[in-house]
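Peer 1: Okay, here's the structure, questions in a sec.
There are 2 protein chains.
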Amino acid sequence: MNKDERSFLINMLERHDNLSDEERQAIIALPARMRSFASGEELVAEDSRPEEACLIVEGFAARAQYLANGKRQISAVHIPGDFVDLHSMLLKTMDHAVIAVGPCRAAFVPHGNLRRLTETHPHLTRLLWHTTLVDAAIQRAWIVSLGRMSAEQQMGHLLCELYTRLRAVGVIEGDSFDFPPTQAMIGDMLGMSTVYVNKTLANLRSTGYVEWQDRRVRIVDYERLAEMAEFDPRYLNLWREPR
Amino acid sequence: MNKDERSFLINMLERHDNLSDEERQAIIALPARMRSFASGEELVAEDSRPEEACLIVEGFAARAQYLANGKRQISAVHIPGDFVDLHSMLLKTMDHAVIAVGPCRAAFVPHGNLRRLTETHPHLTRLLWHTTLVDAAIQRAWIVSLGRMSAEQQMGHLLCELYTRLRAVGVIEGDSFDFPPTQAMIGDMLGMSTVYVNKTLANLRSTGYVEWQDRRVRIVDYERLAEMAEFDPRYLNLWREPR
DNA sequence: CGGCGCGTTGATTACTGTCAAACGGTGTGG
DNA sequence: CCACACCGTTTGACAGTAATCAACGCGCCG
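From first to last, the protein sequence lines stand for chains A and B.
For the first sequence, counting from 1, position 218 maps to 218 in this note's numbering; every step adds exactly one.
The number in this note's numbering is simply the position in the second sequence, starting from 1, with 243 added.
So, in structure tokens, the structure goes:
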């Protein structure tokens with residue numbers, strides 16, 4: 001990994017706790033294969049048994065699962081610094097695909113190297129484990145959103161989540177960010193039809209809390225948006241709490 | 244932990260990989276406080292910062308999150324052998340409550356002891372990490388269910404999940420099992436109103452694949468139920484795949 | 001007996017999906 | 001340069017799904 005690429009992972013892990021120089025070196029020493037993907041392309045296939053784990057370096061990716069009737073559900077959106085399928089190191093078979101949401105770049109790190117790291121570095125292991133637990137907390141928030149929130153709340157919650165996470169990795173410019181999915185993809189995230197996504201989006205825009213055009217989202221009034229969507233960022237564990 | 248209680252955890256972990264005698268001893272040596280709960284009682288409160296992790300020994304528990312309007316969403320159902328809030332060891336603050344679904348018994352294990360275990364036993368750490376990853380895979384399946392499945396499929400999927408997991412821990416008698424939640428609680432699991440749960444349940448019963456009365460579920464035709472609900476148990480990682 | 005919790009049913013309302021059509025931008029070939 | 005196809009967005013009409021409201025039955029327990 002070069003400086004740019006490793007910095008995302010190191011920042012990600014340091015967000016939660018300090019790394020020693022030795023730990024930082026161990027991460028920098030990880031081999032990584034960089035690859036680029038066009039929107040909609042598959043980074044990792046469902047039911048595959050990857051030999052590498054995939055770290056997003058630029059752009060967005062998503063976890064997607066396909067149903068018999070051709071429908072699709074996205075269960076997470078990933079941003080730079082996210083180890084999308086770190087779990088594949090232990091679970092072996094992918095229960096979902098990973099697809100590019102807009103053009104993206106990813107680093108693929110061999111499981112073997114990661115595994116050796118976990119055998120020799122308990123503290124790093126705990127930090128990696130921690131990232132997968134935050135990931136699970138995000139999934140729980142999606143379950144609540146899908147199960148009990150209005151369409152507008154769901155969409156607002158998603159935007160708040162992304163806004164907050166993107167700001168934590170420092171890729172927010174001012175109060176706006178690029179978000180490239182089509183409305184059909186957003187429907188797959190929120191469990192809605194494309195048409196209804198469009199109408200919900202129109203409602204959301206009419207509140208004035210959010211502007212969203214040409215794949216660019218601007219959070220005009222975060223406070224009210226968060227209140228409306230019952231978004232409380234604590235579950236993202238973005239503050240520092242060393243162990 | 245006495246023999247009965249520890250056996251669930253050991254079985255749980257050994258389901259995935261063999262434990263050495265030393266590892267088994269280390270688990271048996273863990274201190275545990277046993278507690279019993281009545282249906283609906285809270286084992287762990289939302290927003291609390293537990294000092295112990297909670298292992299279900301008997302009965303069912305669920306993760307629940309509450310919304311401003313008083314609604315509730317359950318994001319997971321737990322059975323004997325499940326470490327419901329192992330993540331609280333690393334995440335510190337609970338993003339959900341844990342409630343009893345029917346009467347249940349749980350062992351509370353201090354975080355400090357678990358943490359020391361992870362510092363000295365990389366292999367056990369990996370197995371514990373693994374259980375949290377399976378947990379996350381189950382949550383992904385719930386997301387797909389909530390987002391894209393019909394009410395009948397959702398209910399069928401939940402029953403298949405429970406049937407399969409319960410069989411893995413050996414608490415299925417024949418083809419049926421006790422499942423004590425009220426229809427209101429089931430609504431909180433599936434994101435439905437109580438009335439609609441009742442009507443969906445009637446539809447499901449009319450297929451003949453399932454019988455469900457007096458808190459007892461009987462899986463009459465698992466094959467067809469699984470097909471109807473697009474249930475594929477591979478994501479539960481119940482087979483053995485040592486690392 | 002009477003209240004309460006839970007399950008069940010029917011009527012009504014609200015939400016969301018499907019179908020269909022039109023609009024605008026973009027890239028390609030003639 | 002224009003015509004055209006393609007993709008994504010937007011809009012309206014309609015159908016199906018699910019929530020809400022209300023009432024009733026049943027068993028349990030004080």
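Glycine is no exception: its CB is placed at the ideal position from the N, C-alpha and C atoms.
Keep in mind the model is a prediction, meaning the values are calculated, not measured.
Quick one, which of Asn-198(A), Gly-174(A), Val-171(A), Ile-172(A) has its alpha-carbon nearest Pro-181(A)'s?
Peer 2: Cα-wise, what sits closest to Pro-181(A) is Asn-198(A).
Peer 1: Taking the alpha-carbon positions, what's the Met-471(B) to Ser-145(A) distance?
Peer 2: Straight-line Cα distance between these residues: approximately 25 Å.
Peer 1: So, does the CB of Pro-476(B) fall closer than 8 Å to a CB anywhere in chain A?
Peer 2: With 8 Å as the cut-off, Pro-476(B) does not count as an interface residue toward chain A.
Peer 1: Our contact map puts Leu-158(A) next to Met-189(A) with C-beta atoms below 8 Å; I'd like the distance itself, whole angstroms only.
Peer 2: The pair is a contact, with the Cβ atoms about 6 Å apart (cut-off 8 Å).
Peer 1: Could you give the first and the last residue of the continuous beta strand (DSSP E) run that contains Ser-419(B)?
Peer 2: Counting along the chain, the beta strand (DSSP E) containing Ser-419(B) begins and ends at 419–421.
Peer 1: So for Glu-42(A), helix, strand or coil by DSSP?
Peer 2: DSSP places Glu-42(A) in strand when its eight states are reduced to three.
Peer 1: So what does DSSP say about His-121(A), is it helix, strand or coil?
Peer 2: In this structure, His-121(A) counts as coil in the three-state DSSP scheme.
Peer 1: Give, in chain order, every unbroken run of the beta strand (DSSP E) that is at least 3 residues long and sits entirely within the stretch 375–438 of chain B.
Peer 2: List check, beta strand (DSSP E) in window: 419–421.
Peer 1: If I measure Cβ to Cβ from Ala-151(A) and keep anything under 6 Å in the same chain, skipping five residues before and after, which residues do I get?
Peer 2: Here the set comprises Thr-200.
Peer 1: Report whether the distance from the Cβ of Lys-335(B) to the nearest heavy atom of the ligand ZN is below 7 Å.
Peer 2: This structure lacks the ligand ZN; in fact it carries no ligand of any kind.
Peer 1: Which residue marks the beginning of the beta strand (DSSP E) containing Tyr-222(A), and which one marks its end?
Peer 2: Here Tyr-222(A) belongs to no beta strand (DSSP E); instead the alpha helix (DSSP H) covers 222–228.
Peer 1: Identify whether Glu-294(B) lies in helix, strand or coil by the three-state DSSP scheme.
Peer 2: Three-state result, Glu-294(B): coil.
Peer 1: Spatial neighbours of Arg-148(A) within its chain, please: CB distance less than 7 Å, with the 5 preceding and 5 following residues excluded, ordered by chain position.
Peer 2: If we look at Arg-148(A) and ignore the five residues flanking it on each side, it has no Cβ neighbours.
Peer 1: How would you list, in chain order, the residues of chain A whose beta-carbon sits under 7 Å from the beta-carbon of Lys-314(B)?
Peer 2: The contacting residues are Arg-148.
Peer 1: Quick one: list the residues of chain B neighbouring Asn-237(A), beta-carbon separation under 7 Å, in chain order.
Peer 2: Correct list: Leu-334.
Peer 1: Quick check on the DSSP output: the alpha helix (DSSP H) that includes Arg-33(A) runs from which residue to which?
Peer 2: Unbroken run through Arg-33(A) is the beta strand (DSSP E), 33–37; no alpha helix (DSSP H).
Peer 1: Ends of the alpha helix (DSSP H) at Ile-27(A)?
Peer 2: Note, Ile-27(A): alpha helix (DSSP H), 21–28.
Peer 1: Measuring CA to CA, which of Trp-129(A), Val-101(A), Gly-208(A) is closest to Arg-215(A)?
Peer 2: The candidate whose alpha carbon is nearest that of Arg-215(A) is Val-101(A).
Peer 1: Looking at the C-beta of His-321(B), does it have a partner C-beta in chain A at a distance below 8 Å?
Peer 2: For His-321(B), the answer is no, since every Cβ of chain A falls outside 8 Å of its Cβ.
Peer 1: Across the stretch 370–387 of chain B and the stretch 89–97 of chain A, are there enough close Cβ pairs to call them in contact, namely three or more that are closer than 8 Å?
Peer 2: Output reads yes: the stretch 89–97 of chain A touches the stretch 370–387 of chain B.
Peer 1: Going along the chain, which residues of the stretch 173–191 of chain A sit with their C-beta nearer than 7 Å to a C-beta in chain B?
Peer 2: Listed by position, the residues of the stretch 173–191 of chain A near chain B (Cβ gap below 7 Å) are Gly-191.
Peer 1: Strictly below 9 Å CB to CB, what residues from chain B border Asp-214(A)?
Peer 2: By Cβ distance, chain B contributes nothing, its closest Cβ being about 27 Å from Asp-214(A), past 9 Å.
Peer 1: Out of Glu-466(B), Val-341(B), Trp-385(B), Ala-384(B), point me to the one whose CA is closest to Phe-280(B)'s CA.
Peer 2: It is Val-341(B) whose Cα lies nearest to the Cα of Phe-280(B).
Peer 1: What residues in its chain sit with their C-beta under 6 Å from that of Thr-368(B), if we drop five residues either side in the sequence?
Peer 2: Excluding positions up to five away in sequence, the list reads Thr-361.
Peer 1: Tell me whether Pro-274(B) is buried or exposed, calling it buried when 16 or more other Cβ atoms sit within 10 Å of its Cβ.
Peer 2: Burial call: exposed.
Peer 1: Of the choices Val-77(A), Cys-160(A), Arg-15(A), whose alpha-carbon is the least far from that of Arg-240(A)?
Peer 2: Minimum Cα distance to Arg-240(A) is reached at Arg-15(A).
Peer 1: Can you name the residues of chain B whose CB is closer than 7 Å to the CB of Val-144(A)?
Peer 2: Those within 7 Å of Val-144(A) in chain B are Gln-308, Gln-316, Ser-318.
Peer 1: If we cut at 8 Å on Cβ distances, does Met-1(A) have a partner in chain B?
Peer 2: Because the pLDDT of Met-1(A) is 49, which lies under 50, any placement of that residue in the model is unreliable, and the number read from its coordinates should be weighed accordingly. It does not: the Cβ of Met-1(A) has no partner Cβ on chain B nearer than 8 Å.
Peer 1: Leaving out five residues before and five after Gln-153(A) in sequence, what residues of the same chain have Cβ atoms less than 8 Å from its Cβ?
Peer 2: Closer than 8 Å at Cβ, skipping near neighbours: Ser-145, Met-228, Ala-229, Glu-230.
Peer 1: Under a three-way DSSP split, which group does Pro-233(A) fall into?
Peer 2: The answer is helix: DSSP assigns Pro-233(A) an H, G or I state.
Peer 1: Which residue marks the beginning of the beta strand (DSSP E) containing Trp-191(B), and which one marks its end?
Peer 2: Since the displayed chain B opens at 244 and closes at 486, residue 191(B) lies outside it and no answer follows.
Peer 1: Tell me, please, which residues DSSP counts as bridged to Glu-301(B).
Peer 2: DSSP output for Glu-301(B) lists Arg-348(B) as bridge partner(s).
Peer 1: Tell me the DSSP secondary structure of Val-440(B) in three-state form.
Peer 2: Correct three-state label for Val-440(B): helix.
Peer 1: Whose C-beta lies closer than 8 Å to the C-beta of Arg-467(B) among residues of the same chain, with five residues either side of it excluded?
Peer 2: For Arg-467(B), where only same-chain residues beyond five positions count, the Cβ hits under 8 Å are Thr-450, Tyr-452.
Peer 1: Rounded to the nearest angstrom, what separates Asn-113(A) and Asn-203(A) at their Cα positions?
Peer 2: Cα to Cα, Asn-113(A) sits roughly 48 Å from Asn-203(A).
Peer 1: Comparing the C-beta of Glu-257(B) with each C-beta of chain A, is any distance below 8 Å?
Peer 2: Not one chain A Cβ lies under 8 Å of Glu-257(B).
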